[in-house]
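Numbering-wise (the numbering used here), the sequence shown opens with residue 132 and increments by one.
Before any comments, here is the structure.
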Amino acid sequence: MPPTKRPRSRKTGRGRHAVGESNDHVALEDIVDSGIIYGASLPINRLNKLVKAEIVTADWENTNGEASHLGQLVINLRSFVKSLGKRRVTKEILGHPQYSTYFRVKFNACWSDFDYGPPIDFMVVGQGALGILDRMHPALDVSLKLEQSIFNSKDYINYRYINKRNAWMCCLYEDIITSLVKGCDSELLANIKDGSLTAELVYRERKVDLRLCLCVGDMIYRLFMLTHIDETTFKRVSLCPSKNNVRIPTTLKCTLNLVEPVPDIDLRPTPTYNCAIMEDLSREYLNSTLVGFFKKYAKMQGALALLKVWARTNGLKSFEVDATTDGSEHEQNGMSNSRKGESVTSADLIPSSIKNDLKRETLSSSVSSVHNDMIHQLCSNPDRETGLYFHNGMSGFIWAILLCHVAKCNEFPDEIEAFPLFLATVKFIGSMDINKFTYVFGKSIPITKGSDGIWNENITNGTGSEGHSGKNLHNLDNARKSQNGADISLPEFFMDKDMPLNVLYKMIFTFQEVIDVAKATLKATSNLSSPFLYNQLFGLHFNPHCHHDVKLIFKRCTDDSSFNIWELESADYLAAKLIFILEFGLQDRLHHAYFRKNLAGDLMVLIGLDDTIQRTTDIGPSVTSEECAFFRRFWHPLSETRSFNDGSISECLLWNVLESKDISLATGSHSLNHISGPNLNLRILNILLQCHFKKFKLVVINKWMASEGTEAMAEKKATENVILMELQLVECGNRIATEYRSKLMNVYNELNEILRSIDSIPLKVSNIYLCDPSFGYADVGEAKLRHKLLLGLESSAKWPDSEKAITGVKVSLGIAILKELYKCHNIKSRISENGDMELQLHGIKFSVSILCQKETHKIISRINNYDPHMDKKPSEDALNNVRDYYRSLQVDRCKVVALKNPSFTSSTQLCKAFCNSCQLPNSEFICEMLNCYIFSSHEFMLPSPHSGNVGFMRFLYLVAHYGWSEHPILLHNGTPLYHMLQMKKPATVPYLWISLPEDAYCIVPKMPSTMLSKRFVGQCQRFLDKIDRHFMKTICFNSFFEVESAGYDVIIEVENLYAKLKFSDRKESVKLSLDEAAYILDAFVVKLRNMYEGILEIAYNELEWRGIQNTAKNLQLYLKFVPLSCIPTNGPNSHGPQQVVIHEERSVFIPNFPAILNGISCLGEGLIRQIRFL
């Protein structure tokens, strides 16, 4: 009998890793030796499934399997290159019009003739050598070993090696094109049925590579052809990063145009040039090293897949200029697309007084981008990279090197699983300090830059080693060097002493972003019990708008420095200058500045502005210091001299003039435009760009109005250097301490002291609950309506039992309080029949109610202990008694979050304005609580939002992509109820279920209906999709809201009572207060909703309806007939008037729509202006 497998015993109950357990946290040291579950959302089966979906194994010796077509292409290509014919390559190729841009010919000795012929070896490198490929975007790297006789022993000097290498690749390209012209008879397509093959040259980082694109059916395979040479071709010591191998100026044909003479310029090191050659020299060594580690650690393939997914989730992959993409690195670095250029317009944010001082012309231009076809024609010009994809230089090779380094340093066991190895690598990346240390492969202790390191020399592209860390920027020497681009510190990660290859030499300014993302990831992984951790690491789709405030593209970067341009690219020097200007000019206002480059030489900058910095005055250096002169030149003419109380005199920057100038980026009548205001950080950035990049034309992309004359303006500006600037959707002020809020808080503090000091009433005021969003910094601007307060009195057991008697006691207490206020403080007030008081102090109105604990205790207890499967939901009347109390708890939560994260205020404003522009009623609670979740919870995107614009975009993303039909949003005070995520969603909870500690099932707040909620989710999805499709392109958002408003059945135009406040003419006289107008309109909507509940869905703009947003037009109500109510029934129901229809001797009941419309007209008689169908 075959042996029987003993069944595995299963634990019952909640085990160690059950959801919600606080001890789910597992340290890195505890999971190295493998386990089944690493956290609540990280079971090993789920991770293995992700790895399997990301990569596919491939054996290039055996073409059977999923990558058979690519494997056959490898076989054909190996046979093809072995049969290459020999010919002499002369200097004439340097002037070939098709290839001339690939060579550096500014030197006297940059070339010698050589014989072109078959390579010595053909080997698969990169991921293919490790036996894996990306499943969705399969791409393979192969390297051809060139004959050593092609190169002389000193060819590493003055680009001779690189020129010969590039020439060899151009010759190979011509031979491949000659073969492909044969079509299906090409030897490269042998045994590949129904396949088409294209070839093109790709020029990046000095060197030319060859890319083949194989299309078979709907699948596209890409193959990159590289070259390498024997390790003995050149002496390694001559290629150390501290050596100079570009002999300048002695062998230069043209003279340098230097701003200042640089001493010993011919001895300046050329580290990136040396690494470009060293990369080819060490390819065999690198390939064998990686293969050895991946064979030793069986799960390292999975760890590499997790790293690449993590990089894609957090935006470390390349992306398009007009849409975020998840394509593979090979696909993104070279593939172009066919799209027509879009028009852009400028918006000058600088006040006229400063603009005149700067003598700047009004900026108005437009740019059109040039794009080519996705699949190039066979014999077209190889120099055709359009720069559609921007990349940061991060490759699978670098990820693999980092994995091997971590495994070697920590001496992990061979059986280590993929996730612990991934987490250890992220931990190492997060600990790196590239400005201070040099890292060596396999060495656990880094080397301090400037100390006795590997080559006993400071390995930098300049004279300094601190780089642009943001420190000592006021030092005159550091400032001059940084601004001229002569002090650029390279990130350094070398293989070893015998192999001086810096694997990060292509990531001069981009690797810091990888470090920052790793640090944010480590904070999230400190709590592995979070059920959202998987999505944070691997599940979220990266959206650049959810992380960056401003996006810049410098088109046609030209050299703007005094340093030798052949060591680094012009975009690198421009990045060095830009990062200095941003750090020096914005200081702590700058949250981050990340860079991307494309093959066309354009530079993309992703900028984050810190809204927590809200000062209006920046104090510079003392007038007696050396830095003062530089500070004045940098900020001219904005710098002013000011004296202080301590006797010091310093240069200062006064930004009040920028903040007082009311300039809005948006144009339109929507609520998003209503809350727009001056953002000081954004305007300072605009001034820096205009002052220090005068060679570029600044073009601001307008997101609200489509521009005209695109092609004409594009033709005019085709030869100019341009900065494309995509700003925030709406310029929103970032200050929480506004004049209005300060006045409100001062008046409230005075009223609070007065109410607590009243001794003539039986029960003294013990607490005052704030129920207005203005007290929680969550308002949308100054509100002239009453601010709601709730008085908590001393506890007493003498409150009556009946509701009527309780109301009588409230009225009596209210009268006593109002008499005391008038007698002692001359505060006039009035009281309603239910005990609500209205008073006014220093021009601010308050509505004050009394909280009776006996009246609310039972209902609060029911809500706290509510079980949707056992208990009945409290009535609407009962909930009305406690809504103000629960509202005060929500306002307190908003206040705490806003004081910790000032960006919360502007983000909430944008969210409320967007919801109202989308006609979503009762959206205040949703906007405030979701923003509390976004800013206070660590269970969403990484890292926390730094500005209101980023918070707003994350709000849209959360609404659009969260699983509302299954799970709630959990806000907690340190003890999350994660078990609620696993329960079946009760039918009584709203669609947008937001669970709070005091109200787990969202019973108290008034929420939008399921139909309007789903509609709003769709609106957020469409809005985000529109933004993504128009990344760095102009768009008209006004049309979006017009289209969304057209999805209803009926529009009711209502008299705009706010336009008739205290209005009179010869014919009529209307004297309404703002509160009376708001009450009339609100009562009309409430009664309309109660009459036709279940038949009509009512949507409107609450900001307009409450008089916060002024509009000259009539107010509008949007009605949507509920589809389910229109289904014929056998008997009448309680949802409004019914109509009997006899069909085939059978009577059915349907809603009586004429009667409904007539009832609406009668209800709104004198108020409704027009009812029309859409």
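Here a beta-carbon is modelled for each residue, glycine too, at the ideal position from N, C-alpha and C.
This one's a predicted model, so the numbers in the text were calculated from it and none came from an experiment.
Nonlocal neighbours in the same chain, by C-beta distance under 8 Å from residue i, ignoring five residues either side
| i | result |
| --- | --- |
| residue 574 | 540 |
| residue 1180 | 1250, 1251, 1252, 1304 and 1305 |
| residue 990 | 1005, 1009, 1010, 1012 and 1013 |
Three-state secondary structure (DSSP) of residue i
| i | result |
| --- | --- |
| residue 814 | helix |
| residue 353 | strand |
| residue 782 | strand |
| residue 765 | helix |
| residue 296 | helix |
| residue 1264 | coil |
| residue 1137 | coil |
| residue 346 | strand |
| residue 1004 | coil |
| residue 1123 | coil |
| residue 678 | coil |
| residue 1277 | strand |
| residue 640 | coil |
| residue 684 | strand |
| residue 724 | strand |
| residue 923 | strand |
| residue 520 | strand |
| residue 271 | strand |
| residue 1244 | coil |
| residue 732 | coil |
| residue 882 | helix |
| residue 309 | helix |
Other residues of its chain near residue i: CB distance less than 7 Å, five sequence neighbours each side excluded
| i | result |
| --- | --- |
| residue 987 | 1012, 1013 and 1016 |
| residue 680 | 738, 739, 740, 859, 1078, 1080 and 1081 |
| residue 219 | 244 and 246 |
| residue 632 | 406, 409, 410, 413, 625 and 626 |
| residue 217 | 246, 247 and 248 |
| residue 642 | 565, 622 and 635 |
Burial state of residue i (16 or more Cβ within 10 Å)
| i | result |
| --- | --- |
| residue 1114 | exposed |
| residue 746 | exposed |
| residue 315 | exposed |
| residue 1275 | exposed |
| residue 273 | buried |
| residue 953 | exposed |
| residue 1044 | buried |
| residue 888 | exposed |
| residue 675 | buried |
| residue 275 | buried |
| residue 267 | exposed |
One or two residues paired with residue i in a DSSP bridge
| i | result |
| --- | --- |
| residue 749 | 784 |
| residue 1282 | 1269 |
| residue 174 | 168 |
| residue 1373 | Because the chain spans 132 through 1305 in this model, residue 1373 falls outside it and cannot be assessed. |
| residue 327 | 346 |
| residue 1304 | 1181 |
| residue 961 | 969 |
| residue 278 | BP columns for residue 278 are empty, so no partner. |
| residue 894 | None; residue 894 has no bridge partner. |
Residues of its chain near residue i, where Cβ-Cβ distance is below 6 Å and the 5 sequence neighbours each way are ignored
| i | result |
| --- | --- |
| residue 286 | 292 |
| residue 985 | 930 |
| residue 445 | 648 |
Beta-carbon separation (whole angstroms), residue i vs residue j, contact threshold 8 Å
| i | j | result |
| --- | --- | --- |
| residue 776 | residue 812 | Not quite, the Cβ-Cβ distance comes to about 28 Å (not below 8 Å), so this is no contact. |
| residue 973 | residue 878 | 5 Å |
| residue 567 | residue 558 | Going by Cβ atoms, the distance from residue 567 to residue 558 rounds to 18 Å, so no, they are not a contact pair. |
| residue 1091 | residue 1155 | 6 Å |
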